[in-house]
Every structure is written in structure tokens, then in C-alpha cells.
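Colleague:
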Amino acid sequence: VNLLPRNCYGIEKVNRVQETYTLSQYEYIYAYGDSHGDKEMLSIANERYYKNF
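For the sequence shown, the tail end lands on 53 under the UniProt record's numbering, and the numbers increase by one without skipping.
1. Report yes if the C-beta distance between residue 34 and residue 13 is below 8 Å; otherwise report no.
2. What does a CB cutoff of less than 7 Å around residue 8 pick up in its chain, not counting 5 residues either side in sequence?
3. Please state whether the Cβ-Cβ distance between residue 49 and residue 32 is less than 8 Å.
4. How long is the line joining the alpha carbons of residue 46 and residue 29, rounded to whole angstroms?
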């Protein structure tokens, strides 16, 4: 997943994950986040881990 060049915050993280992976091919999805910009990405996972640094 390319998280570099343009804005990668909020829904844009979800878009990039979905551009790279066909999520329906996975039985279970884990996501890890450390900022408010990860909220949307965490919402597409079955199991979420969040730690604000």
C-alpha cells in the first residue's frame, strides 16, 4: 500500500488499501492505527488496535 505522495489521511487510507487489496478475499482483517486519521481505516477491520503516541 502506497501511503506516501499525496494526502493519506482518513478515507484516503481506506481508498489506498482497497486499491491494493481485494478485502473480500480475506476472512479476517486486522488494522493498527496511531492517529485520528486512522479512524476510517480501522473501521474496515474485524479487529482493531489503536494507540495514540
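For glycine and all other residues, C-beta sits at the position ideal for the given N, C-alpha and C.
Modeller: So, from the data block:
1. Residue numbering aside, residue 34 sits at position 34 when the sequence shown is read from its first letter. Residue numbering aside, residue 13 sits at position 13 when the sequence shown is read from its first letter. Cβ distance not < 8 Å, so residue 34 and residue 13 don't count as in contact.
2. Residue mapping note: residue 8 aligns to position 8 of the sequence shown, counting from 1. Counting only Cβ-Cβ distances below 7 Å, and skipping sequence neighbours, we find 16.
3. Position 49 of the sequence shown, counted from the start, is the residue given in the question as residue 49. Position 32 of the sequence shown, counted from the start, is the residue given in the question as residue 32. Yes. Within cutoff.
4. As a first step, residue 46 must be located in the sequence shown, where it is residue number 46. As a first step, residue 29 must be located in the sequence shown, where it is residue number 29. Straight-line Cα distance between these residues: approximately 5 Å.
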